[in-house]
Amino acid sequence: MEYKYLNTIYYPSDLKALPREALPQVCEEVRDFIIQQLSQNPGHLGSSLGTVELTVALHYVFDTPNDQLVWDVGHQAYAHKILTGRRERFHTNRQFKGIAPFPSPMESEYDAFIAGHASNSISAALGIEIGEEAMRRETKRRKVVAVIGDGAMTGGLAFEGLNNTSMNKNNLLIVLNDNNMAIDPIKGGFTQYLVDLTTSARYNKWRWWMYRAARKLHLINDDNKGRVQRFTNNLKAILTKQSYNIFQGLNLRYFGPADGHDVLGLVRIFSEIKDYEGPKVLHIITKKGKGYEPAENDQTTWHAPGEFMVETGERLKAKGGKQDPLWQEVFGEQLLKMAKEDERVVGVTPAMPSGCSMNIMQRELPERVFDVGIAEGHAVTFSAGMAKAGLVPYCNIYSSFLQRAYDNIIHDVALPKLHVVFCIDRAGIVGNDGATHHGLLDLAYLRPIPNMVIGSPMTKEDLEAMLQLAKEYDGPIAIRYPRGKANMKVESHETTGEMKIGKGVCLRESKVESQKAIAVLSIGAIGNTVAEAIEAIKARGEEQEARIAHYDMRWLKPIDEDILREVREKFDTIITIEDGMISGGLGSAVAEWMADYEAKDERRKTRVIRLGVEDQFVEHGSTKELYRLLKLDKEGICESLLQALEQ
Ligand SMILES: Cc1ncc(C[n+]2csc(CCOP(=O)(O)OP(=O)(O)O)c2C)c(N)n1
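In this note's numbering, the protein residues as written are 22 to 668.
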């Protein structure tokens, strides 16, 4: 596509060389570029369209990469990538070996801090700001800017950052990008609060004008600034019958609300406030999906719409139909069913009702679903409180986001042994969202916690049964399942057995004696790939296939010791397979059990081969490419099994 300006912009220095009047046209071109690119190579569309003007203005005014731009979540940073050396590679965004899905300091010096998980930008930016001061750099003093959405602002970490910002001497600029949306519409006090703030915009304009005039007349200087600020805040309280706004109450200078789509206005404001001493907040109002009608009209769907036709707005993504539901839909339907049968059942989600399909229940029983904002720690402790009162909360959190709530799980749920059901979505490899979003650590981080029960279903039917069982189990219980299409019951399996906590199932017996045979123990949906690998071995020749037994362990904790005793008696070689870190999960559990057993009974050593993810962060790409990379796809598992059979 021919773009008058964009084709000449490689780095912010090229942008800065343009006259101000060119900026609205630059924005149009960046916006069009994002729409065209994302229609073919899917990604986070709505948020990135909403921040085009903001990004252009920031790079126009600030001296990046010396000045540090910290994006929160980073799903809104496509314009930033495009203007900072990655335009020509942008068609590889989120793809295997392509550019990273979120800002990554490992990829570009323009990405000041890692992003992907919400609400860390203020803390990180404040740390950089204070660190810079402490290091007393010879180089030009950097300015530090955090850009945070109103959704990410609902996270506790953001408030911790704000509070600390108010306590320290610093010059941090926080841009609050307020579009009144997260992925789903945001509810809650803070959002209403921002709406109220926005409606007092006229006062703020007046105050801003007065402030500038007073500064010019030297009526305000750095010494009396605080007092003047408090005076004007008091005046505002009298005029608008409102007390301080929350930012002013924290001694942060508050500017705005400003129109976040007026690029020239933003350039003016940034130029004006960037050198002001002290911490400050600029509140801007934007529209998610700005400039592309379908995205403006259905903001949740167009948060990450998949491929689409630009002209018609038709989305090309095939959704899971009735025959092959997504794991998420299985969860959503089962939760609704149980909620209808049992009044104690409630759903809790930290801002992901559509992502985890709790919106199925939300539509029918809205008062029984609690979307608590982007607040995983709170979601867990809130669930603990509800459990204490007698409800049965199904707290659904994506595996990688649950990392944020580790102590809440331990201290508030596991220790008092409260009946919270953790439904851990997006477990295993998630694909194009990459390293920040893979759910590879959950088995390892949950297993050492006393009182935890941990299960992972291999099929749709198993997930339903586990969710049902979890309702009757009176204690903390976690059920983890991946993203994507749910696997159906495999008819050829010898037995699927009744679902019981702590009981696995033998899916396939070996047909020959021990030394020559191997037992494969898997957990979760990856068991289906194991089954396919064994079928592939069978297709090559019956002899090898006859030497493989396959067990679906179903539960990591309590682990099925009957199975472990059985396989130890029958086999010399045991292979564990999981879609998580090798260290700490099923492989560790089995190896530890064998070591403990053999410490008491020296008769024979069992060889345990552990397959899973080695000690590394896994990059982005399609799940197919990544499972291939990790040798956890059918071919990889096939190879490992054949190798084990040969040894
Ligand atoms: C800790 C964490 N929880 C949940 C998410 C999933 N998530 C990604 S974007 C988003 C909404 C963010 O809302 P906001 O900050 O207002 O940005 P917007 O999407 O409106 O541009 C959520 C919940 C996440 N990235 N990190």
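Think of the CB as a built atom: it goes at the ideal place given N, C-alpha and C, for glycine as much as any other residue.
### Message
Less than 7 Å between the beta carbons of G106 and Y26, yes or no?
### Response
no
### Query
Touching or not, the region 182-191 and the region 141-159, by the rule of three or more beta carbon pairs under 8 Å?
yes
### Query
Is the beta carbon of M202 within less than 6 Å of some heavy atom of ligand 1?
Yes - ligand 1 has a heavy atom lying nearer than 6 Å to the Cβ of M202.
### The alpha helix (DSSP H) enclosing G657, as first and last residue numbers
K655 to E667
### Message
If you reduce the DSSP assignment to three classes, tell me which class D205 lands in.
### Response
coil
### Query
So what's I595 in DSSP terms, helix, strand or just coil?
strand
#### Entry: Neighbourhood of C48 by C-beta distance below 6 Å, restricted to the same chain and skipping five residues each side
V73, E74, V77 and V284
### Query
Should D171 be counted as a contact of ligand 1 given a C-beta to heavy atom distance under 6 Å?
Result yes, Cβ under 6 Å from ligand 1.
### Query
Hey, would you say G525 sits closer than 7 Å to Y572, going by beta carbons?
yes
### Task
Take P371 and list the residues in its own chain whose beta-carbon comes closer than 8 Å to its own, dropping the five residues that flank it on each side.
D392, V393, G394, I395, A396, E397, H399, A400, I418 and F422
### Query
Beta-carbon separation of L183 and L271 under 7 Å?
yes
### Query
By DSSP, does I418 sit in helix, in strand, or in coil?
strand
### Query
Does the beta-carbon distance from G605 to A435 come in below 7 Å?
no
### Message
Looking at the strands, I want to know which residues DSSP matches up with L632.
### Response
I598
### Query
Regarding I544 and ligand 1, is the C-beta to nearest heavy atom distance less than 6 Å?
no
### Message
Quick check: is the beta carbon of D622 nearer than 7 Å to any beta carbon in chain C?
### Response
Here there is only one protein chain, and chain C is not present.
### Query
Count the other CB atoms within 10 Å of the CB of R628; is the residue buried (16 or more) or exposed (fewer)?
exposed
### Task
Give me whichever residues DSSP pairs with V682 in a beta bridge.
With the chain covering only 22 through 668, there is no way to say anything about residue 682.
### Task
On a CA-only basis, which of Y297, G299, T321 and A546 is nearest K308? Give me that one, please.
Comparing Cα positions, the closest option is T321.
### Task
Using only the heavy atoms of ligand 1, determine whether one of them is closer than 6 Å to the beta carbon of H282.
no
### Query
Could you check where the alpha helix (DSSP H) with H399 kicks off and where it finishes?
Counting along the chain, the alpha helix (DSSP H) containing H399 begins and ends at E397 to K409.
### Message
I'd like to check one pair, I596 with I630: are the Cβ atoms closer than 7 Å?
### Response
yes
### Buried versus exposed, by CB contacts within 10 Å (16 or more), H239
exposed
### Message
Please determine whether the Cβ atom of Q2 lies at a distance below 6 Å from any heavy atom of ligand 1.
### Response
Outside the modelled stretch of the chain, which goes from 22 to 668, sits residue 2, for which no answer is possible.
### CA nearest to the CA of S543, picked from R529, V533, E534 and D363
R529
### Message
Whole angstroms are fine: how far does the CA of C527 sit from the CA of A499?
### Response
22 Å
### Query
CB-CB under 7 Å to G152, same chain, minus the five flanking residues each way: which ones, in chain order?
none
### Query
By DSSP, does G341 sit in helix, in strand, or in coil?
Summary for G341: the model assigns pLDDT 47, below 50, so the residue's position carries little reliability; its value from the coordinates is reported in the next sentence. Here G341 sits in coil by DSSP.
### Task
Return the Cβ separation of L666 and Q565 in integer angstroms, given the expectation that the two are a contact with Cβ distance under 8 Å.
6 Å
#### Entry: Span separating the alpha-carbon of I207 from that of D363
The alpha-carbon separation between I207 and D363 amounts to approximately 28 Å.
#### Entry: D463 and I445 closer than 7 Å at C-beta
D463 is a Cβ neighbour of I445, given a cutoff of 7 Å.
### Query
Should A325 be listed as close to ligand 1, given that the test is whether its C-beta is under 6 Å from any heavy atom?
no
### Task
Helix, strand or coil for P689, going by three-state DSSP, please let me know.
No statement about residue 689 is possible, as the shown extent of the chain runs from 22 to 668 and does not include it.
### Query
Mapping DSSP to helix, strand and coil, what is C377?
Under the three-state reduction of DSSP output, C377 falls in the coil class, being neither helix nor strand.
### Query
Does DSSP classify F391 as helix, strand or coil?
strand
### Query
With respect to the beta strand (DSSP E) encompassing W576, which residues constitute its N-terminal and C-terminal limits?
W576 to K578 is the span of the beta strand (DSSP E), which, as asked, contains W576.
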